[in-house]
Each structure stands twice: as C-alpha cells, then as structure tokens.
Amino acid sequence: MNEDRRRLPARGDIAAVHLRGKVAAERFVAGRGFHVSVGWVPLLRAPDAAAPIDTELLFGETFHAYEVRNGWAWGQAESDGYVGYVREDALMAPA
547 MNEDRRRLPA RGDIAAVHLR GKVAAERFVA GRGFHVSVGW VPLLRAPDAA
597 APIDTELLFG ETFHAYEVRN GWAWGQAESD GYVGYVREDA LMAPA
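The following block contains the structure:
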C-alpha cells in the first residue's frame, strides 16, 4: 500500500480496523469519535508539543481516536483525513 503517511491511520503497533489485510500492525481498532472542544488545536506528527504540525483542527470538528494514552490521542481528522496526535484535553466525547 503506497499511501501518504499523513492520511493513513496505521503505525507498526496499531491501525484502523478498515485497514486489516492492507497494512501490517500488531492490532486493529475501530477507534472512537471525539469533538474538538477548544478554539483550535494542532495535529502533530508525534506526541510532543514541539513536534511538527501537519494541520489544525477547529472547534466542533470530529477526530477519530485509535489510541488515547499519556495525555495524547492518536487518530484521524474527519475533515481532511490527516492522521496524527492531538492533546487529549482538547477533545470531548459527543453528547
């Protein structure tokens, strides 16, 4: 599979369930939808505030998290399909 890493929700340890059979990963997960609860939040390449920013998410946008750990959520933005890390405290579960 030769896709842009910015839009492919897969790492060596975890991938989106719809990619089963298409990419190698230790586990496949369905993910969980969240909404951005702050004005804007950067989507980063790594779980580090100093990491490069690939895009930004705005208040109310949907983010599908495949992993939430140590204050960071790794997943995919619904609006543009970009994959990366978002601060967990910038997300809220839908009502």
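Going by this note's numbering, the first residue of the sequence shown is number 547, and it counts up by one from there. Ideal Cβ placement from N, Cα and C applies to all residues, glycine included.
Item	Value
Let me make sure I understand the geometry here. Which of ARG573, GLY577, ASP594 has the alpha-carbon closest to that of GLN622?	GLY577
Taking the beta strand (DSSP E) that LEU604 belongs to, which residues open and close that run?	599-604
Just grab the DSSP bridge partners of GLU613 for me.	TRP620
Report yes if the CB atom of HIS564 is closer than 8 Å to the CB atom of THR608, and no otherwise.	no
Any chance you could list the beta strand (DSSP E) runs of at least 3 consecutive residues sitting entirely within the stretch 552-604, in chain order?	560-562, 573-575, 578-582, 586-590, 599-604
Per DSSP, which one or two residues make a beta bridge with TYR631?	LEU590, TRP620
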